[in-house]
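Report on the structure given below.
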Amino acid sequence: KILPSLEGKTLLDVGSRFGCVLYAAAEFTNASRIIGVEMNSDLCTVQQAVCEQYKYTDNVEIIQSDIRAQTQLLQNADVIMMNNVFEHFIEPELHAKCWDVVVGNVRRKGQVLVLVPSLEESLGDVPSGWVEEISWDVDEELAPDELDVESLRDIHLYRVL
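Numbering follows my numbering, in which position 87 of the sequence shown is assigned residue number 85; successive positions increment by one, without gaps.
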């Protein structure tokens, strides 16, 4: 209900951690490629095992890497998901450098960013003319309680201009 159809599209999850976004995308979307980039080798091993167990290996790919080394993926992905990826899992001094790589490589018109927290919270000043926020209504029926509704409201979508 939040994203447009992912048919024939590539979804990139930056900082895929345990792979929850990858598994949900494999199970509930028709994305042709689902890619998780994760720096932690142990978490990549867990993701690979789950993908093999549930037969998600046809369209799910797990890459152990720093996203700064994966600029081609950022340039080519149709939907890029980032859930607190820089805020909690890297040193503060690298935070800005990671965002520089994202802003510098996510430039193709129509690419969609799905972010928690918002760009404004992460960057302060969003580069002018780069993206527009996509508004969406929280379907409160998707969330069993008020805490979950608030979590859904924390999701921000942006389209590259």
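Glycine residues also receive a C-beta, built at the ideal position from the N, C-alpha and C atoms.
Given the structure is predicted, the values throughout are model-derived calculations rather than measurements.
Thinking C-alpha only, which one of the options is nearest residue i?
i, options, result
"Pro2", "Ala29, Val35, Glu130, Asn57", "Ala29"
"Leu72", "Ser149, Glu148, Asp11", "Asp11"
"Arg105", "Leu20, Gln62, Asp135, Val129", "Val129"
"Cys42", "Cys96, Gly17, Glu85", "Gly17"
"Ser126", "Leu117, Ser133, Glu91", "Leu117"
"Val83", "Lys53, Asn38, Glu5, Gly102", "Asn38"
"His86", "Gly13, Leu9, Glu5", "Gly13"
"Arg151", "Asp143, Ser63, Gln51", "Asp143"
"Lys53", "Ser63, Leu20, Arg66, Glu36", "Leu20"
"Ile153", "Asp135, Glu139, Thr8", "Asp135"
"Leu155", "Asp146, Glu131, Gly122, Glu148", "Glu131"
"Phe26", "Ile0, Cys96, Gln70, Glu148", "Ile0"
"Asp40", "Arg15, Ala24, Cys49", "Arg15"
"Val158", "Asp146, Pro115, Asn103, Glu91", "Asn103"
"Pro90", "Leu121, Lys7, Val48", "Leu121"
"Lys95", "Asp64, Gln45, Thr55, Gly6", "Asp64"
"Asn74", "Lys7, Glu148, Val147, Glu36", "Lys7"
Does residue i come out as helix, strand or coil in the three-state DSSP assignment?
i, result
"Asp64", "coil"
"Ala47", "helix"
"Ala22", "helix"
Under 7 Å from any heavy atom of the ligand PLP, does the C-beta of residue i make it?
i, result
"Asp143", "In terms of ligand content, the structure shown is empty, and the ligand PLP therefore cannot be addressed."
Along the chain, where does the beta strand (DSSP E) containing residue i start, and where does it finish?
i, result
"Asp11", "8 to 12"
Please list the terminal residues of the continuous alpha helix (DSSP H) segment that includes residue i.
i, result
"Asn28", "Note, Asn28: premise wrong, no alpha helix (DSSP H); not H, not E."
"Leu71", "69 to 74"
Whole alpha helix (DSSP H) elements within the region 77 to 157, 4-residue minimum: 83 to 87, 90 to 103, 117 to 121, 144 to 151
Given 8 Å, three or more beta-carbon pairs between the region 75 to 87 and the region 110 to 120: yes
Touch test, the region 52 to 60 against the region 20 to 34, Cβ-Cβ under 8 Å, three pairs minimum: yes
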